[in-house]
Every structure is written in structure tokens, then in C-alpha cells.
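In this note's numbering, the protein residues as written are 19 to 117. Yeah, the Cβ is synthetic: ideal placement off N, Cα and C, and Gly gets one too.
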Ligand SMILES: [Zn+2]
């Protein structure tokens, strides 16, 4: 449970909008279901094939990365940095962080 910052009502963790006052809740981007460590290892060992992107559901860019060998390694390297800094997002736009 969490509390609505507007009216203080107790609402569900996953609530997008407060049931009492109807105000949208901040930080509704729930943590990604994808495992951070798994994504990290996939990117290190198979980054050039875009496998880590397939894993998080980004199939389109995964294929693009596969065809370009991870953007000649540069794209994969950028992804690796993003993953390490917790800025990498899955297909739903949820940040994949080291929990
Ligand atoms: Zn409220």
C-alpha cells in the first residue's frame, strides 16, 4: 500500500489514479520485471546480437542490432553503459535497475 500525495488516502501500490480524489499518482512506472543481472550478462556476452533487447521485449531494435552487429559494437556498448547506470528501459518504458 502507498499513500496518495494529494489527499493522503491509502491506495494500492499499483494504482495509477487515487480512488478518493482522482489525482494521477507520480512514479507509476513500476520496476521492470526483467532481471537486471540477466540483461547485463546478455549485453556483455551477446550484446552484438541484440539478445538483451529481445530479452526485454524490444524486438524491433533487437533485430536492427542483430543486423548491424550491435551497431558495430558501439550501440551495444552504449546499451551496456545504460544498463550499468540503471537507465536501460524495457519495452514498456520501465527502467531495469539492480534491485
Ligand atoms: Zn488522493
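Handout entry: Element boundaries [alpha helix (DSSP H), containing residue 100]
Key = Here residue 100 is taken as the residue at index 82 of the chain shown, counted from 1. Residue 100 -> alpha helix (DSSP H) spans 92 to 102.
Handout entry: Continuous alpha helix (DSSP H) stretch holding residue 63: start and end
Key = Residue numbering aside, residue 63 sits at position 45 when the chain shown is read from its first letter. It spans 54 to 64 - the alpha helix (DSSP H) in which residue 63 sits, taken as one unbroken run.
Exercise for the section: Using the Cα positions of residue 83 and residue 51, report the straight-line distance between them to the nearest angstrom. Expected result: On the chain shown, residue 83 is found 65 positions in, with the first residue counted as 1. On the chain shown, residue 51 is found 33 positions in, with the first residue counted as 1. Cα to Cα, the separation comes out at about 22 angstroms.
Problem - Three-way DSSP call (helix, strand, coil) for residue 29 in this model - result: On the chain shown, position 11 is the one that residue 29 refers to. Here residue 29 sits in strand by DSSP.
Exercise for the section: Mind checking who residue 34 pairs with in its DSSP beta bridge? Expected result: Your numbering for residue 34 matches position 16 in the chain shown. Bridge partners of residue 34: none, in fact.
Practice task
Would you check if the distance between the CB atom of residue 41 and the CB atom of residue 34 is smaller than 8 angstroms?
Solution key: The residue labelled residue 41 in the question sits at position 23 within the chain shown. The residue labelled residue 34 in the question sits at position 16 within the chain shown. In this structure, residue 34 does not lie closer than 8 angstroms to residue 41 by Cβ.
Exercise for the section: Under 8 angstroms Cβ to Cβ from residue 29, same chain only, skipping five residues before and after it: list those, please. Expected result: Stepping through the chain shown from its first residue, residue 29 is reached at position 11. The answer, listed in chain order, is 19, 20, 21, 22, 36, 37, 38 and 43.
Practice task
Report yes if the CB atom of residue 68 is closer than 8 angstroms to the CB atom of residue 80, and no otherwise.
Solution key: For the purposes of this step, residue 68 is taken as the residue at position 50 of the chain shown. For the purposes of this step, residue 80 is taken as the residue at position 62 of the chain shown. Cβ distance < 8 angstroms, so residue 68 and residue 80 count as in contact.
Problem - Rounded straight-line distance, which links the Cα of residue 90 to that of residue 54 - result: Position 36 of the chain shown, counted from the first residue, corresponds to residue 54. Position 72 of the chain shown, counted from the first residue, corresponds to residue 90. Going by the C-alpha atoms only, they are around 23 angstroms apart.
Handout entry: Backbone CA spacing between residue 66 and residue 57 [nearest angstrom]
Key = To locate residue 66, count along the chain shown from 1; it is residue 48. To locate residue 57, count along the chain shown from 1; it is residue 39. Computed Cα separation, rounded: 13 angstroms.
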